[in-house]
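Counting in the numbering used here, the sequence shown tops out at residue 1177, every number present.
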Amino acid sequence: MSQKIGLGDKIPSFEVIDLKTDEVKKFENQTGKIILIDFWATWCGPCIAGMPHLESLQKTFPSELLVLAVSDESPERIKKFMVNRPFGFSFVSDKEKNLQKYFPHRIIPHTVLIDKYGEVIAITSPDQITEKTIRDLLDGEKPIMPLKQEQVGFDPSHDFFEVAEDMDQYFVIQKEFEGVPTFSKVPNQGTFAKRRITAHNFSIEGLYRMAFQKSSMRLEYLIDKELVAYKPGNLYSVDVIVSKGSEPYLHEYFAKGLTEWFEIKGKLEKRTTEVIVLYSKGQANLIESKEYNSYSGRSGTFQSEGAYLNDLAEYLEGFNVLGLPVVNVTNLNGTYFFDLNFEPENPQSLIDALKSLGLAIKKESLEIDVLVLYKD
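Take a look at the structure:
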C-alpha cells in the first residue's frame, strides 16, 4: 500500500521552504509541537473547502500545533493563491520531495498527523482531525482514526471487469473494488471503447450524474442525500456495453440499467433556476479550428486544439468554478483553439481571461434540465 512511513513510525528530519518568508525550515524528528501535514493543490476543490477547518485548528492551538500545507505546484502559483485566499497556517514547498516519498499518495487532500515526539499518529483526511484529536494528543492519548490507504501502483489501464472485446450488450453492477480509487473510462477511440463505459467505486449519485451527463449543479433530491452519499459501503462499480451500431444510445442504456437496478431512481425534469450565462461581448476573439479535438481541463486551466463553446460551458459548470449551472448563449457553433488560464480563487481573473476572448458571463433565470433523484 501507499505508506513508506507508517503509523507508529518516526518521521526522519525534513526541510521545507516557508513560502511566506522564503526561509528554509528544518524539522527534526522531535519538534516539541504536533505537526499536521496536509497535501493539497490549488486545483483541488475539496482541499480548498477543507482549509477553513485547518485554519480553525491552527488558531485554537497556536503554540501547540503547526499546520503545513504542501503542494507540488510551483512556489509562484502558491504565492498567488496565498494573496487571493490568505489562511492562518503555513504554506510550504517540499523542494526535495522528501515528504512525498515518505507519504506517497494519489488522492488529495492527504493528511498526516505527527505528535511532538515525531511519531506518525494518523494518515487520513483532514476532516478526521478535530479539536478533540489535538487535545487527546496533548493529554498523552493516541486517538484512533480511519487509515487512508491507496493502491498507489495500480494500473488504470487494467480491465477490472475482465470482459472480452467481442462482448455484446452487457450491464453489470457490483460493490466497490477495494484498494482502487474512484475513476471511470468513458467512450474513447477504438471500436470496443466507443461502446463501453466503466465506473469504479462511485456513489449512486455519481453513477446517475454520469449516466444522465449532468453536473452536481443540476441535481434535485426528493430523497435523503445520505442514501446516495459517497462513503465506504455505499459505493458501486458498473460496466456498461452496447451492441455495435448502438453507440449513440450508450448513456441511455446506462441510465435505464441504473433505474432498473436501484430502488432510488433518476429522471430529467425542466426547472427554472438561476444560472450563469456565457455570452459573446461584441466581437469574439477566438481562433477557429478545422476539426473537433475535445478538451483537457483542470481547475484554472481549459485547453483544446478544437473545442466548442458548449465544452467551455460544460467545463466551467463541471468544475464548479462559478457555483451555478452554466449555459452557452454565444450562438458561436464552430470549433476553436483554447488556452484559458485563470486563478480559481480569484473570480476577477476568470472574468479577465474570458474578456480577452471576447466572452463574458452574467446571472439569469432560465429553464434547464435538472436531474431528479427520487423513490417510487
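Ideal Cβ positions, reconstructed from N, Cα and C, are used throughout, including at glycine. None of these values were measured; they are calculated from a predicted model.
Close Cβ partners of residue i (< 7 angstroms) along its chain, the five nearest in sequence each way excluded
i, result
"I812", "I806, N830, Y903, I915, G919, V921"
"Q804", "Low confidence applies here, because Q804 scores a pLDDT of 47, under 50, leaving its location unreliable and the question unanswered by this model."
"V868", "L837, D839, L855, L858, Q859, F890, S891"
"G1119", "S1016"
"Y1004", "A small correction: the amino acid at residue 1004 is Ser; Tyr does not occupy that position in the sequence shown. Hits under 7 angstroms: V1029, A1030, Y1031, N1035, L1036."
"V987", "I998"
Start-to-end residues for the beta strand (DSSP E) that takes in residue i
i, result
"T931", "Careful: T931 lies outside any beta strand (DSSP E) and carries neither H nor E."
"T1060", "Counting along the chain, T1060 falls outside any beta strand (DSSP E), though it belongs to the alpha helix (DSSP H) covering 1051 to 1062."
"Q975", "971 to 976"
"H1001", "997 to 1003"
"E1021", "1020 to 1022"
"Y1096", "1095 to 1099"
"I908", "No beta strand (DSSP E) holds I908; DSSP gives it neither H nor E."
"F984", "984 to 986"
"V893", "891 to 894"
First through last residue of the alpha helix (DSSP H) which encompasses residue i
i, result
"T882", "Correcting the residue identity first, residue 882 is Phe in this sequence and not Thr. Looking at the DSSP string, the run of the alpha helix (DSSP H) that includes F882 is 876 to 885."
"S857", "852 to 861"
"E1118", "1110 to 1119"
"Y1137", "Counting along the chain, Y1137 falls outside any alpha helix (DSSP H), though it belongs to the beta strand (DSSP E) covering 1136 to 1142."
"Y903", "899 to 903"
Inter-residue CB distance, residue i and residue j (contact presumed, cutoff 8 angstroms)
i, j, result
"E1144", "N899", "Not confirmed; about 28 angstroms, so no contact."
"L866", "L837", "6 angstroms"
"A794", "L1079", "Any answer about residue 794 is impossible in this case: the structure gives the chain only from 802 up to 1177."
"A1154", "N1142", "7 angstroms"
DSSP-derived helix/strand/coil call for residue i
i, result
"K949", "coil"
"S872", "coil"
"V1130", "coil"
"L1125", "coil"
"E920", "strand"
"Y1009", "helix"
"Q1149", "helix"
"S803", "Since pLDDT at S803 reaches only 42, below the 50 mark, its modelled position is unreliable, and the value read off the structure follows with that caveat. Three-state DSSP puts S803 in coil, outside helix and strand."
"K1164", "strand"
"G1067", "strand"
"G846", "helix"
"L1028", "helix"
"K1156", "helix"
"L1079", "strand"
"E1048", "helix"
"D940", "coil"
"S1038", "strand"
"S1193", "Limits of the chain in this structure are 802 at one end and 1177 at the other, which puts residue 1193 out of reach."
"I1088", "coil"
Contacts around residue i, its chain only, beta-carbon distance under 6 angstroms, and the 5 residues preceding and following it disregarded
i, result
"E1048", "K995, R996"
"V1041", "F972, I998, F1055"
"M852", "F888"
"F862", "I935"
"Y1096", "S1105, A1108, D1112"
"M968", "I1042"
"V913", "I838, F904, I924"
Short CB-CB distance (under 8 angstroms) between residue i and chain E
i, result
"E824", "Of the protein chains in the structure, only one exists, and it is not chain E."
Neighbourhood of residue i by C-beta, 8 angstroms cutoff - its chain only, sequence neighbours within 5 removed
i, result
"E1146", "T843, I849, F882, N885, R886"
"I818", "E824, V825, K826, P876, V893, S894, K896"
"S814", "K827, F828, E829, N830"
"E1092", "G1107, T1136"
"F978", "F961, H1001, N1002, S1038"
Any chance you could list the alpha helix (DSSP H) runs of at least 4 consecutive residues sitting entirely within the segment 810 to 836, in chain order?
Entirely contained in the segment 810 to 836, not one alpha helix (DSSP H) run reaches 4 residues.
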